[in-house]
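Report on one structure; see the data block that follows.
Chains as they are written, first to last, in the numbering used here: chain A, 45 to 312; chain B, 4 to 253.
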């Protein structure tokens with residue numbers, strides 16, 4: 045299983061495109077008239093890739109992710125997933141992992157994970173088995189009966205990831221999933237996410253503020269500018285996989301991180 | 004250990020109060036005409052519970068309370084949800100509702116008598132009026148307690164509006180709604196009692212007012228015990244439900 049993802053990362057030239065964004069722009073109505081939020085976004089994410097989007101606050105990263113998830117329509121442009129347009133949420137194609145506190149506090153961990161299957165009226169035994177398997181995948185075997193307030197921040201985000209994967213969508217969107225975690229938990233969760241990714245061979249689009257996190261996780265980092273959000277640069281992260289914590293101390297890691305920071309710092 | 008001590012102290016205080024109620028009038032330390040001994044009051048309670056006119060009065064009061072509750076709660080809940088969900092309606096009516104909420108409702112009682120008379124409809128109308136504002140406020144608060152990210156998650160997994168209502172709105176709002184139900188019953192019961200004591204031909208509130216005016220203290224206290232017990236029972240029942248439905252609230 046593990047080398048599946050590595051292979052797809054290596055041969056991405058031939059791999060099919062999982063997510064395609066064409067000429068996407070977005071303008072929203074603000075207090076003082078129309079505000080351009082995203083401008084002329086072009087994006088191709090090959091299947092199996094781990095793509096990280098970074099950019100300053102208010103660059104429209106979250107808006108872009110909402111549109112990829114079909115939760116908000118763009119003003120213009122198209123989004124294709126698996127070759128078909130995204131116009132409304134389609135959990136069979138796209139799973140979403142949100143920021144902190146997106147779990148339902150009145151449901152247990154396993155009930156939270158099976159929530160998308162409940163909406164689809166999946167048979168009880170089947171959805172429970174599937175949810176338990178996902179909890180096991182994210183390292184929470186035996187925690188199914190806990191309520192969110194009985195779990196740590198990192199464990200809650202593991203549940204969120206399990207929920208995002210429960211319908212086995214080819215694409216997983218992640219909106220700053222580890223932003224609220226402390227530094228150590230964040231590092232551990234990043235590493236865990238890479239393990240889960242290599243076991244499931246998903247296409248991941250991951251949004252973050254953290255440049256270290258971006259370089260550590262990504263096959264490719266997409267740097268966005270401040271409002272209106274445009275793509276400034278795409279940086280291939282050619283660090284070998286599996287990634288290790290030691291790589292963070294290498295020159296290559298530092299140079300990549302520096303290059304991203306330079307782009308963000310000098311963007312108008 | 005601490006918890007059980009607290010419960011013991013509570014029981015001791017209650018027992019001391021009841022004992023004082025029994026002993027002080029009997030020793031003549033308190034005028035037994037004003038405060039009849041507890042045993043006399045309990046004897047009277049048993050006696051009046053066997054009287055046909057008391058049964059009738061209780062039935063009338065019970066019907067007034069139930070009908071007013073059935074009107075005020077859905078009406079208030081609908082208006083409250085509207086005020087929270089519909090920006091236009093909310094902007095216009097929310098300040099007005101807040102102003103009216105602050106007014107003691109009993110000053111409107113004479114108008115209700117002039118409009119509806121002193122029968123069943125007036126009791127129901129006045130109790131509904133006393134209750135509906137607190138229900139509106141609570142329902143608004145309940146809707147606003149629903150978290151935007153919880154709605155977003157459901158939408159991203161393709162939930163239909165009906166599923167969002169049942170699986171997100173309802174469980175989010177349930178603890179606040181149950182609390183609202185409990186508090187609105189207090190307002191509702193109070194409304195019926197005030198209306199009955201002020202002007203009525205029947206009903207247990209009317210009887211209690213009469214017993215007071217005629218200086219029938221054992222009957223008066225028996226009536227008070229009866230109504231206090233009924234109110235506390237309802238309150239505790241809903242509170243038990245509340246606790247069961249809000250274990251997840253931290």
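C-beta: ideal position from N, C-alpha, C; glycine also.
Query: Taking Cβ-Cβ distances shorter than 8 angstroms, what residues in chain A pair up with residue 153 (chain B)?; Result: 146 and 148
Query: Please confirm whether residue 100 (chain B) and residue 140 (chain B) have their CB atoms less than 9 angstroms apart.; Result: yes
Query: Going by the beta-carbon positions, is the gap between residue 85 (chain A) and residue 69 (chain A) smaller than 9 angstroms?; Result: yes
Query: Can you give the Cα-Cα distance for residue 258 (chain A) and residue 119 (chain A), rounded to whole angstroms?; Result: 28 angstroms
Query: Ends of the alpha helix (DSSP H) at residue 29 (chain B)?; Result: 5-30
Query: Hey, could you find the ends of the beta strand (DSSP E) residue 368 (chain A) is sitting in?; Result: Outside the shown range of chain A, which is 45 to 312, sits residue 368 (chain A), and nothing can be said about it.
Query: Using beta carbons (cut-off 9 angstroms, strictly below), is residue 68 (chain A) in contact with chain B?; Result: no
Query: What residue from B:136, B:103, B:156 and B:205 has the CA that sits closest to residue 126 (chain B)'s CA?; Result: B:205
Query: Answer with yes or no whether the minimum CB distance from residue 118 (chain A) to chain B is below 9 angstroms.; Result: no
Query: What are the residues that DSSP puts in a beta bridge with residue 273 (chain A)?; Result: A:82
Query: Just the C-alpha distance for residue 61 (chain A) and residue 92 (chain A), rounded to the nearest angstrom, thanks.; Result: 9 angstroms
Query: Quick one, which residues of the segment 107-132 of chain B are near chain A if we go by CB-CB under 9 angstroms, in chain order?; Result: none
Query: Which residue or residues does DSSP assign as beta-bridge partners of residue 97 (chain A)?; Result: A:251 and A:266
Query: With a threshold of 16 other CB atoms inside 10 Å of the CB of residue 55 (chain A), please say whether the residue is buried or exposed.; Result: Here the model assigns residue 55 (chain A) a pLDDT of 48, short of 50, so the residue's position is not dependable, and the following value carries that caveat. Per the 10 Å Cβ criterion, exposed.
Query: Going along chain B in order, which residues have a C-beta closer than 9 angstroms to the C-beta of residue 212 (chain A)?; Result: Residues of chain B passing the Cβ test: none, with the nearest at roughly 13 angstroms.
Query: Any Cβ of chain A within less than 9 angstroms of the Cβ of residue 159 (chain B)?; Result: yes
Query: Taking the alpha carbon of residue 142 (chain B) as the point to measure from, which residue in B:172, B:124 and B:236 has its own alpha carbon closest?; Result: B:172
Query: Thinking C-beta only, is residue 109 (chain A) closer than 9 angstroms to residue 97 (chain A)?; Result: yes
Query: Helix, strand or coil for residue 70 (chain A), going by three-state DSSP, please let me know.; Result: strand
Query: For residue 185 (chain B), would you say it is in contact with chain D, using Cβ-to-Cβ distances shorter than 9 angstroms as the test?; Result: Protein chains A and B are contained in the structure displayed, whereas chain D is not.
Query: Which stretch, first to last residue, makes up the alpha helix (DSSP H) that contains residue 159 (chain B)?; Result: 151-159
Query: For residue 187 (chain A), I'd like the list of residues in its chain whose CB is within less than 6 angstroms of its CB, leaving aside the five on either flank, ordered along the chain.; Result: 153
Query: Taking the alpha-carbon positions, what's the residue 206 (chain A) to residue 13 (chain B) distance?; Result: 49 angstroms
Query: Could you pull the DSSP bridge partners for residue 280 (chain A) from this structure?; Result: A:264
Query: Measuring only the C-alpha atoms, how far is residue 232 (chain A) from residue 83 (chain A)?; Result: 35 angstroms
Query: Beta carbon of residue 130 (chain B), beta carbon of residue 202 (chain B): below 9 angstroms?; Result: no
Query: Between residue 134 (chain A) and residue 164 (chain A), what straight-line distance do the alpha-carbon atoms span, to the nearest angstrom?; Result: 12 angstroms
Query: Please go through the same chain and pick out, in chain order, the residues whose beta-carbon is closer than 6 angstroms to the beta-carbon of residue 83 (chain B), but skip the five residues on each side of it.; Result: 139, 142 and 143
Query: How many Å lie between residue 30 (chain B) and residue 68 (chain B) at the Cα?; Result: 40 angstroms
Query: Spell out whether any CB of chain B is found under 9 angstroms from the CB atom of residue 126 (chain A).; Result: no
Query: Quick one: grab the DSSP three-state call for residue 160 (chain A).; Result: helix
Query: Do the segment 209-227 of chain B and the segment 45-55 of chain B make contact, defined as three or more Cβ pairs closer than 8 angstroms?; Result: yes
Query: Does DSSP classify residue 124 (chain A) as helix, strand or coil?; Result: strand
Query: Identify every run of the alpha helix (DSSP H) within the segment 131-181 of chain A, keeping only runs that are complete inside it and at least 4 residues long; order them along the chain.; Result: 153-163 and 168-181
Query: Hey, how far is the Cα of residue 2 (chain B) from the Cα of residue 105 (chain A)?; Result: This structure leaves residue 2 (chain B) out entirely; chain B is present only between 4 and 253.
Query: Compare the C-beta of residue 162 (chain A) with all C-beta atoms of chain B and state if any pair is closer than 9 angstroms.; Result: yes
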